[in-house]
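Undergrad: I have a structure I would like to understand better, so I am pasting it below and will then ask my questions one at a time.
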Amino acid sequence: MTIERFIPALTRGAVALIGTLAVGLVAVLAAGLDPVTTLQAIIDGALGSPYAIRQSLTEAVPVTLTALGVAVAFRAGLFNLGGDGQIYIGALGAVGISLLFPDLTPALLIPFALGVGMLGGLIWGGIAGVLRAKLRLSEIITTIMLNFIAFWIVSYLVHGPLKDPGGSGYPLTREIPEAAQLPVFGDLIPSGAVLMLVAAFCVWLLLERTPTGIKIKGTGSSASASHFAGVSMSRVTILVMAIAGALAGLGGAVSLQGDQYKLGDFFSPGWGFDAVAVALIGRGTAAGTLITGIAVGALRSGIQSAQGTAEVPSSIAQILLAAAVLFVIVGNAEGAGQLVRRSWARTRELASE
Amino acid sequence: MTALVKMSGIVKSFGETIANDDVSLEIAAGEVHALLGENGAGKTTLMNILYGLTIPDEGTIEVGGVAVAPRNPADAIDAGVGMVHQHPLVVGALTVAENFSLGGLGDGSPASMLEAVADVVQTIPLEVDPRARIDSLPMSLRQRVEIVRCLAHGVRVLVLDEPTAVLTPNEVQQLFGEMERVVEQGRSVIFITHKLAEVQTIAQRVTVLRHGRNVGSFAVGDITSAELAEQMVGRELSDRSAKGAPRAAGAARLELRGVCAVGDDGECLLDNLDLEVCAGEIVAIAGVEGNGQRPLADICFGLRVPDSGEVLHDDERLPQLRDWGHSKVAIARIPEDRRHEGLLIDSPLWENLRYGPNLSAKRGLINRRHEVARARSLLEEFGVVPPDPMVAPSALSGGNQQKVVLARELSSDPDLVVAVNPTRGLDIGAQRDVRDRLAALRDAGRAVLVISTDLDEVIEIGDRVGVLYRGRLETPIAQNAVDRARIGKAMAGLLDDQQDRAEA
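Residue numbers (the numbering used here), protein chains in the order written: chain A, 74 to 426; chain B, -18 to 485.
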């Protein structure tokens, strides 16, 4: 390992960072704010206190978990744009179990609710995988459609059957019992963050240290070579979409049990699509996605807090995220660009069949 | 004879492969000129150069006595050269008229498009509804749309790249009729093919390419099909009849009995094929591409189930490769297309060396250090340069890529090796390496089946040689009885019993 090996990566990082900051500067100036105080307020809001760190981590967990799933799909040449739907179904599973079995002990109820949330996401992602593998329907289309279905199912339930009768008319479920709520370690580390680390490790293990990971990456890089090698493309497709869905479903369940405690129809502020950006910036690797996801969570949390202290509009976070994706792709045609190109190539093959 | 097209001294190489090696070609006005050669002989490259799709390294082109150097198809069309590819490059989602307008006819409005088509069709009958969507048309009509589109641009030379490969016999007759009408107008047609019978039917003159070189141009009346076949496959290279008696072969490792394969359109791809490959011998199957090599290879690879007949490996039914992990596969499989089938071209070599049915891991996890070390010793053993497990095959030369495929496939200690065109596109040294490796496997008692369109290769390495023609196999004959002219005839379907079958 020599330093030369890292120079391309460093260059790409510098391009992305400088470009993103430049766009952010323009946005901040356009909003009529002082860049220095704004930056100070954002950093304080993200990392300035134990509470800020805890908020940053909480904000990072669902998007990172979903992004890990998107990353696995990218490596297999598949687009999972269904993160939001999988998150909603995951949260629905978790809220259902939590409200149905309020008397279980936390040691039983927490993993039970998380597991059912994960299972819900797995099924939701798996549907897109099966449609792709068996009926050759583009997962780009089906995952987006499944988002709508999931959203309106949840919307119907929280406006009707699951609406909290004691609430003040908001379309929200009852709050889940304390036995289902995730603990925070030392008032600093939410348990969701631990799950996020474990999930990132498992994704790394899967992609880099298992035969299945070699198959996933193999199908993503060459369908013809994988066919020749005897890899079943449809099995890998279904497996990958199910994994992606399970991770997003877990993200939804964790956000419900560790942060929001109630399910409403604006449960996800667009984590599913942010996750696509995060996975791209992370170049489809577990570590890259984890780091990017935490950074995005901190940024969002910091800007939310700065909204109060320095009147920074929250849209700045979205602008920065979008700029970061752009500049990562610009600075890195070989990495992120390749993920997109391959996935597009697979989609185009599908269209021409 | 005035030459309408004159290509002189054309040289084009792709990396280490020389596709065209000092090729010259003259096409007279008003003739159908066949360009004959095996796949990979350089026919399409030569025509892509004429059409501006490929820029030659050396050489000059004249069209109608004027020197041209087309940099793109638009230049070529301006110079009067049009080309129709095997798979017509018309846009499926658009109508016939819209496709014409894409080519620059009319101003883009629907009325002007239809008008432009009407103008064209006055001189050249199209017999297609201009409002029909291209993807609703059969391949033959798509081809015709593209031919007419070329002619509408006023091209004087029309290049057709293996147009008959996608047509039924009836459609081929129609196409030949169109070609005759085109040359009657004083234009010329260059007709790329590897089918001898078509040359005799439609062409006035024929130029034969072999291994990127022009072997000769002939008036069709002056040369027989058998002579053309010899020209096409070559005969001056090493004659190995001095090789000695065939060695005693051992037990049958691979057996095909009465194997038939039927294509998607119901056409017969393999016709009642029997084949036996024994331990300690190389059976080589010659044949012009498209005569059943692909389905035969896929069946031997375990990627395709024959529609009837049985395939035995060591007296047991050959397992299908649907997914991995069921049992160790003791067959080495060398695919034809190493870039797309043999390798994950952008993945590190150590993963490539594992990517196959024998990938497994203790307790589900891969020991990466162990794998990288294994990869390094395999790469060194097979002489891959550089022997770096972390680089991707895209950084290697073709010969080294093929060595990686061999290293992976032979590392599982197979008792049967199936290889398709194992040396295609390699330089002489790398070809030598691969053939020596196959011979060494034979000497070590493995059974080796080589399916190759390179007749020289088949004759050089085969202990027994068979010929595949239209899905039928001329039973492999022992090498010391090989008659080169007879094989050439068999490849062209000109043996007496082949003709009898065709008539029957």
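Every residue gets a Cβ at the ideal spot worked out from N, C-alpha and C, and that includes glycine. All figures in this text were calculated on a predicted structure; none of them were measured in a lab.
Go ahead and pull the three-state DSSP assignment for Ala226 (chain B).
TA: For the purposes of this step, residue 226 (chain B) is taken as residue 245 along the second sequence, with counting starting at 1. The predicted model places Ala226 (chain B) with a pLDDT of 44, which falls under 50 and marks its position as unreliable; any figure quoted below should be read in that light. Three-state result, Ala226 (chain B): coil.
Undergrad: Among the candidates B:Ser393, B:Gly410, B:Arg451, B:Glu297, whose CA atom is the shortest distance from the CA of Ser378 (chain B)?
TA: Position 397 of the second sequence, counted from the first residue, corresponds to residue 378 (chain B). Checking every option, the nearest Cα to that of Ser378 (chain B) belongs to B:Gly410.
Undergrad: Output, in chain order, the set of chain B residues within a Cβ distance shorter than 9 Å of Lys290 (chain A).
TA: The residue labelled residue 290 (chain A) in the question sits at position 217 within the first sequence. Going along chain B in sequence order, the residues near Lys290 (chain A) (Cβ under 9 Å) are Leu325, Ser328, Glu332.
Undergrad: Could you round the C-beta distance between Gly471 (chain B) and Glu455 (chain B) to whole angstroms and report it? I think they count as a contact, below 8 Å.
TA: Sequence index remark: in the second sequence, residue 471 (chain B) carries index 490 (1-based). Sequence index remark: in the second sequence, residue 455 (chain B) carries index 474 (1-based). Checking the displayed sequence, the identity of residue 471 (chain B) turns out to be Ala instead of Gly. Right, the Cβ-Cβ distance comes to about 5 Å (below 8 Å), so this counts as a contact.
Undergrad: Ser219 (chain B) to Asn402 (chain B), Cα distance in whole Å?
TA: Translated into positions along the second sequence, residue 219 (chain B) becomes position 238. Translated into positions along the second sequence, residue 402 (chain B) becomes position 421. The predicted model places Ser219 (chain B) with a pLDDT of 41, which falls under 50 and marks its position as unreliable, so this point remains unresolved.
Undergrad: On the DSSP bridge list, what partners appear for Gln8 (chain B)?
TA: Indexing the second sequence from 1 puts residue 8 (chain B) at position 27. According to the sequence as given, residue 8 (chain B) is Ile; it is not Gln. In the DSSP output, where bridge partners are listed per residue, Ile8 (chain B) has B:Val(-14).
Undergrad: Which residues of chain B have a Cβ atom closer than 7 Å to the Cβ of Arg282 (chain A), listed in chain order?
TA: As a working mapping, residue 282 (chain A) is identified with position 209 in the first sequence. What Arg282 (chain A) touches in chain B: Leu346, Ile347, Arg349.
Undergrad: Within its chain, find whatever has a CB closer than 7 Å to the CB of Pro175 (chain A); leave out the 5 residues flanking it on each side and keep chain order.
TA: As a first step, residue 175 (chain A) must be located in the first sequence, where it is residue number 102. Cβ within range, chain order: Pro250, Ala252.
Undergrad: To the nearest whole angstrom, what separates the beta carbons of Arg137 (chain B) and Arg186 (chain B), a pair I think is in contact under 8 Å?
TA: What you label residue 137 (chain B) is simply residue 156 of the second sequence in a count that begins at 1. What you label residue 186 (chain B) is simply residue 205 of the second sequence in a count that begins at 1. No, Arg137 (chain B) and Arg186 (chain B) are not in contact; Cβ-Cβ is about 17 Å, not under 8 Å.
Undergrad: Can you tell me the Cα-Cα spacing of Cys281 (chain B) and Phe199 (chain B), whole angstroms?
TA: The count along the second sequence starts at 1 and reaches residue 281 (chain B) at position 300. The count along the second sequence starts at 1 and reaches residue 199 (chain B) at position 218. Approximately 40 Å, taken between the alpha carbons.
Undergrad: At the level of alpha carbons, what is the spacing between Ala418 (chain A) and Ser328 (chain B)?
TA: Stepping through the first sequence from its first residue, residue 418 (chain A) is reached at position 345. Stepping through the second sequence from its first residue, residue 328 (chain B) is reached at position 347. Ala418 (chain A) and Ser328 (chain B): Cα-Cα distance of roughly 17 Å.
Undergrad: Distance check for Ser93 (chain B) and Gly(-10) (chain B), CA to CA, integer angstroms please.
TA: Locating residue -10 (chain B) in the second sequence gives position 9, counting from the first residue. Locating residue 93 (chain B) in the second sequence gives position 112, counting from the first residue. Looking at the two C-alpha atoms, the distance is approximately 44 Å.
Undergrad: I need the straight-line Cα distance from Met218 (chain A) to Ile200 (chain A), nearest angstrom please.
TA: Position 145 of the first sequence, counting from 1, holds the residue named residue 218 (chain A). Position 127 of the first sequence, counting from 1, holds the residue named residue 200 (chain A). Distance between the alpha carbons of Met218 (chain A) and Ile200 (chain A): 11 Å.
Undergrad: Can you list the residues of chain A that Gly337 (chain B) reaches, using a CB-CB cut of under 8 Å?
TA: Within the second sequence, residue 337 (chain B) is the residue found at index 356, counting from 1. Ala302, Gly303, listed in chain order.
Undergrad: Looking at chain A, which residues of the segment 351 to 383 of chain B have a Cβ within less than 9 Å of any of its Cβ atoms?
TA: Taking 9 Å as the Cβ-Cβ cut-off against chain A, none of the residues of the segment 351 to 383 of chain B qualify.
Undergrad: Could you pull the start and end residues of the beta strand (DSSP E) that Phe172 (chain B) belongs to?
TA: The residue given as residue 172 (chain B) occupies position 191 in the second sequence. Counting along the chain, the beta strand (DSSP E) containing Phe172 (chain B) begins and ends at 169 to 174.
Undergrad: Out of B:Val(-8), B:Ser(-6), B:Ala9, B:Ile(-1), state which residue places its alpha-carbon closest to the alpha-carbon of Val(-14) (chain B).
TA: The count along the second sequence starts at 1 and reaches residue -14 (chain B) at position 5. Per the Cα distances, B:Ala9.
Undergrad: What residue does the alpha helix (DSSP H) around Leu336 (chain A) start on, and which one ends it?
TA: Counted from its first residue, the first sequence places residue 336 (chain A) at position 263. First-last for Leu336 (chain A): undefined, no H or E at that position.
Undergrad: For a minimum of 3 consecutive residues, which ranges assigned as the beta strand (DSSP E) are wholly contained in the segment 105 to 162 of chain A?
TA: The segment 105 to 162 of chain A contains no whole beta strand (DSSP E) run of 3 or more residues.
Undergrad: Could you work out which residues of chain B lie near Ile287 (chain A), taking near to mean beta carbons separated by less than 8 Å?
TA: On the first sequence, position 214 is the one that residue 287 (chain A) refers to. Residues of chain B passing the Cβ test: Glu332, Arg335, Tyr336, Leu340, Ile347.
Undergrad: Can you name, in chain order, every residue of its own chain whose Cβ lies under 6 Å from the Cβ of Leu422 (chain B), other than the five neighbours on each side?
TA: Against the second sequence, residue 422 (chain B) aligns to sequence position 441. So the list reads Val398, Val429, once near-sequence residues are dropped.
Undergrad: Short check: CB of Trp331 (chain B) to CB of Val366 (chain B), under 8 Å?
TA: One-based indexing of the second sequence puts residue 331 (chain B) at position 350. One-based indexing of the second sequence puts residue 366 (chain B) at position 385. Not in contact: Trp331 (chain B) and Val366 (chain B) (Cβ atoms no closer than 8 Å).
Undergrad: For the segment 420 to 469 of chain B, list the alpha helix (DSSP H) runs that are entirely contained and at least 4 residues long, ordered along the chain.
TA: Segments of the alpha helix (DSSP H) lying fully in the segment 420 to 469 of chain B: 436 to 442.
Undergrad: Determine the chain A residues that contact Leu302 (chain B) at a beta-carbon separation under 7 Å, and present them in chain order.
TA: The sequence position of residue 302 (chain B) within the second sequence is 321, counting from 1. Chain A residues near Leu302 (chain B): Gly303.
Undergrad: Taking the alpha-carbon positions, what's the Asp332 (chain A) to Thr131 (chain A) distance?
TA: Walking along the first sequence from the start, residue 332 (chain A) turns up at place 259. Walking along the first sequence from the start, residue 131 (chain A) turns up at place 58. Between Asp332 (chain A) and Thr131 (chain A), the C-alpha separation is close to 7 Å.
Undergrad: Given that Ser295 (chain A) touches chain B, what residues does it touch there, using C-beta distances under 7 Å?
TA: As a position in the first sequence, residue 295 (chain A) is number 222, starting the count at 1. Those are His321, Leu325, Ile326, listed as they occur along chain B.
Undergrad: Mind checking Lys(-7) (chain B): buried by the 16 CB within 10 Å criterion, or exposed?
TA: Numbered from its first residue, the second sequence carries residue -7 (chain B) at position 12. Buried is the call here.
Undergrad: Taking Asp142 (chain B) as part of the alpha helix (DSSP H), name the residues at either end of that continuous run.
TA: As a working note, residue 142 (chain B) is residue 161 in the second sequence. From DSSP, Asp142 (chain B) is part of no alpha helix (DSSP H) but of the beta strand (DSSP E) over 138 to 142.
Undergrad: Just tell me which of A:Thr139, A:Gly92, A:Arg85, A:Leu106 has its CA closest to the CA of Gly370 (chain A).
TA: Numbered from 1 along the first sequence, position 297 holds the residue referred to as residue 370 (chain A). Of A:Thr139, A:Gly92, A:Arg85, A:Leu106, the residue nearest in Cα terms is A:Thr139.
Undergrad: Quick one: which residues of the segment 161 to 181 of chain A get their C-beta closer than 7 Å to a C-beta of chain B? List them in chain order.
TA: The residues in question: there are none.
Undergrad: By the DSSP assignment, the alpha helix (DSSP H) with Met306 (chain A) in it spans what residues?
TA: The residue labelled residue 306 (chain A) in the question sits at position 233 within the first sequence. Looking at the DSSP string, the run of the alpha helix (DSSP H) that includes Met306 (chain A) is 306 to 328.
Undergrad: From B:Asp435, B:Arg389, B:Pro395, B:Val431, pick the residue whose C-alpha is nearest to that of Gly406 (chain B); which is it?
TA: Here the question's residue 406 (chain B) lines up with position 425 in the second sequence. Residue B:Asp435 is the option with its Cα nearest to Gly406 (chain B).
Undergrad: What are the boundary residues of the beta strand (DSSP E) that Asn381 (chain B) is part of?
TA: Within the second sequence, the letter at position 400 stands for residue 381 (chain B). Not the beta strand (DSSP E): Asn381 (chain B) falls in the alpha helix (DSSP H), residues 379 to 391.
Undergrad: With DSSP run on the structure shown, which of helix, strand or coil describes His134 (chain B)?
TA: Residue 134 (chain B) sits at position 153 when you count from the first residue of the second sequence. In the structure shown, His134 (chain B) sits in coil (DSSP, three-state: anything other than H, G, I, E or B).
Undergrad: State the Cα-Cα distance for the pair Gly163 (chain A) and His321 (chain B), rounded to the nearest angstrom.
TA: For the purposes of this step, residue 163 (chain A) is taken as residue 90 along the first sequence, with counting starting at 1. For the purposes of this step, residue 321 (chain B) is taken as residue 340 along the second sequence, with counting starting at 1. Going from the Cα of Gly163 (chain A) to the Cα of His321 (chain B) covers about 39 Å.
Undergrad: Ends of the beta strand (DSSP E) at Arg191 (chain B)?
TA: By one-based count along the second sequence, residue 191 (chain B) stands at place 210. Note, Arg191 (chain B): beta strand (DSSP E), 186 to 191.
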